[in-house]
RNA sequence: GCCGAAGUGGCGAAAUGGCAUACGCGCUGGUCUCAAAAACCAGUCGGGGCAACCCGGUGUGGGUUCAACUCCCACCUUCGGCACCA
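In my numbering, the protein residues as written are 367 to 1191.
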């Protein structure tokens, strides 16, 4: 029977049912067995699965199945990151409820996942929009609130007008909303924050432990956390009473500071300009900058603009009086919102100083041009050199001077060494409906009151009027809003913002260890056994957002004493995107390929094989219809091989004296075991693992069996079995079917992973490459153990080699046993 | 500007410093067929040669080495991240 489309569908459904009925992938804690936790970043349920999901989950599935066959106790769960704005938007558009929309998407998604035959423990399936899940969000929030890690503050926040909600810093990509790409503006609002900055040091330090993460992800996190060591310098304002604190990483240039610049939003601005003659002009300027969006303000080629306050500060190292300016190129969010300007050694300051004719003073001598004068400078010199005009530090190398000047300033109490972080606290309030309610109540008498633990969950009300406009929808659900204060029982109001959905996904991997637990956020014994996740797999787009937040939550749980490890994900794989015609597949570009349509024609196995074979997991993958066809052809070959050449009545390999053909078959069989095992284990090189199976197939195809000789048939049988077992993780349905057909009773998953015989890999004769001066000049079939001396004799006796050498003297003879000889003449 | 990754046939791609292009696609020719499809067999980096074989060749230019896709230096291109970060 050929491997027809009809047959494929029958077989795939059959085995999916068997796996389900027998609970083959159900994971139970077992202290006697070594665990392995494979997890892919759980999907946002937006409808049917797409090729990106298929790729992500196929990679994970191969790893999970491979580990199962290697005898690990594998946890491989799946769930849905189900809260979020798209559900709300879709509900508004289609006049339905977000819950309805979300659960119907989940149904479609689950069906798609099952059709692919993934090895999930479906008993652990969960969705974050279920109150059995999000009540623990609320619990975590309360624990953070108790410890001062969740707090409310009024400040400028990122606001996306099109999404009608606030955004975390991590959600602003290049000045635009991560979801809808509209420009983000600043708004002053009272909002809830998580104090992720308390963990800056740990989040940075522990990156060192992540040696099995892609280095670029580690680097991106490093940059995001952005530790910079420097000095806070205190500049007294002439005529007092204020002191301006300036942060600098270049304290070595302090003697070259010729003016000071404040950010327009700097709190001292008001005090400094009050009562000055040009007060109004300055205020107008501040106003003008405030009205610019961030991207307008920091636009790449934008000219720096500023205004003189009329006031002066005293440089504490030399007593120089320097003017205080306000300029748009200084940002309130970074450092202290005030800088000392050193135009000779900072290009930004240089451009500004030239624009407004401010003074320059060289303090680092450029070794290339030591006599350069200020008036000849074409740009700032940002390199190294010896200090000049720097009082007691003249002549010092500027890098050495950094520490010395900082120490000196510290002693004189005119500066203090400090560390500045780029990481900001995490804004989690969202003015949207479809999210976990923040468990807080506002009481006129008691103020901000946390909802007591025993009153959780604060359930999201069903009936809400959503328009996508006019603030939090929950604020209009009066039955929800009006409540009693847990402390005084007086009238109170609930918090009507919901939590950012990244909160939900920051701890789901822990919940998967005990998803049914109704009394605790997670079972600590289960978590101690299963966690950390051994292999995490997902897209690079989460390099900062989700992965940073999850690391933060993990550290928080450790501080709560619930877990004992620091990092949630031991090894991380970021899979490449799936492209069509050179562009990322997306609905808006209209270049998607529906996995279902491929499955319909070729089956899930061909789709899986095609995706695994086309490119290494981390690389981009260009989708090709012909490649699926090729995968199907290959599986068809395997199918026909079993049908036509496997003889079930012969099952033992008895022959001991193998001929050349037998040895070649055995060599390829063992080589395939070695290659597939190593390729999966070392670098998830599925593409080359599969190619080695194709090579084995090619050898099997040419292997001839004498009908009378049962030992040859036995060898062939064994080679066929090896193909099926090794292929089993890649294309599980067809392999289970064939495995059963050749007489096995148990699932292929229960079969131990095969081992190879190193001796069988050795060849009696090897091809020795002979080079002359590194150029290929001949090949010789030589017995494997031939010594260097004997090789020399054979080679130099060869007429072609003799011709090539001619009469030139041999200077050197390089010999690599079993591989190559190089004659240098 | 800074940081990171990558650049190899017509295409997807492969190569512990040791035969460049494995494996697959596509293409060409053949077997089978009335014919086609499928399947199978052979060929397939460029140039020269009837041929054995020779020459060139992994983004560019240098270097290290008996030997470089691989290591080092400089540059070009593409992609990704960060970015008036003081």
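For every residue, glycine included, the Cβ atom is placed at its ideal position computed from N, Cα and C.
Own chain residues within Cβ distance below 8 Å of residue i, not counting five before or after
| i | result |
| --- | --- |
| residue 755 | 621, 622, 727, 728 and 729 |
| residue 525 | 531, 532, 533, 550, 551, 552, 553 and 555 |
| residue 851 | 807, 809, 811, 812, 815, 857 and 858 |
| residue 958 | 416, 417, 946, 951 and 952 |
Where the alpha helix (DSSP H) through residue i begins and ends
| i | result |
| --- | --- |
| residue 1101 | 1098–1107 |
| residue 482 | 464–482 |
| residue 756 | Unbroken run through residue 756: none, as it is neither H nor E. |
| residue 672 | Unbroken run through residue 672 is the beta strand (DSSP E), 672–680; no alpha helix (DSSP H). |
| residue 968 | 961–968 |
| residue 440 | It is not in any alpha helix (DSSP H) - residue 440 instead sits in the beta strand (DSSP E) that spans 439–441. |
| residue 788 | Element bounds for residue 788: n/a, residue is neither H nor E. |
| residue 569 | 566–571 |
| residue 813 | Note, residue 813: premise wrong, no alpha helix (DSSP H); beta strand (DSSP E) at 813–816. |
| residue 508 | 497–512 |
| residue 1048 | 1026–1049 |
| residue 1061 | 1052–1068 |
| residue 423 | 417–435 |
| residue 1127 | 1124–1127 |
Test item: CB-CB of residue i and residue j under 9 Å
| i | j | result |
| --- | --- | --- |
| residue 1034 | residue 1056 | no |
| residue 865 | residue 795 | yes |
| residue 904 | residue 940 | yes |
| residue 692 | residue 630 | yes |
| residue 994 | residue 964 | yes |
| residue 642 | residue 696 | no |
| residue 1098 | residue 485 | yes |
| residue 763 | residue 753 | yes |
| residue 457 | residue 495 | no |
| residue 502 | residue 873 | yes |
| residue 860 | residue 712 | no |
| residue 827 | residue 843 | yes |
6 Å Cβ shell around residue i - same chain, five flanking residues per side excluded
| i | result |
| --- | --- |
| residue 435 | 1119 |
| residue 1174 | 1191 |
| residue 367 | With a pLDDT of 47 at residue 367, under the threshold of 50, the predicted position of this residue should be treated as unreliable, though the coordinate-derived value follows. Excluding residues within five positions, none has a Cβ falling inside 6 Å. |
| residue 1043 | none |
| residue 690 | 626, 675, 677 and 679 |
| residue 1067 | none |
| residue 775 | 781 |
Per DSSP, the bridge partner or partners of residue i
| i | result |
| --- | --- |
| residue 578 | 937 |
| residue 988 | 945 |
| residue 362 | Limits of the chain in this structure are 367 at one end and 1191 at the other, which puts residue 362 out of reach. |
| residue 1133 | 1147 |
| residue 556 | 520 |
| residue 763 | 752 |
| residue 848 | 859 |
| residue 525 | 532 and 551 |
| residue 803 | 864 |
Beta-carbon proximity list for residue i, same chain, < 7 Å, skipping 5 on both sides
| i | result |
| --- | --- |
| residue 688 | 623, 624, 625, 626, 678, 679 and 681 |
| residue 1016 | 1076, 1079, 1080 and 1083 |
| residue 1123 | 1036 |
| residue 986 | 942, 943 and 945 |
Boundaries (first-last residue) of the beta strand (DSSP E) holding residue i
| i | result |
| --- | --- |
| residue 599 | 593–602 |
| residue 689 | 687–693 |
| residue 1188 | 1186–1190 |
| residue 706 | 704–707 |
| residue 1181 | 1178–1182 |
| residue 826 | Element bounds for residue 826: n/a, residue is neither H nor E. |
| residue 402 | 401–406 |
| residue 613 | 609–614 |
| residue 806 | 806–809 |
| residue 738 | Here residue 738 belongs to no beta strand (DSSP E), and DSSP marks it neither H nor E. |
| residue 627 | 625–628 |
*Runs of alpha helix (DSSP H) wholly within the stretch 632–664 (minimum 4 residues, chain order)*: 634–639, 645–656 and 660–663
*Please list the segments of the beta strand (DSSP E) lying wholly inside the stretch 868–929, counting only runs of 3 or more residues, in order along the chain.*
899–905
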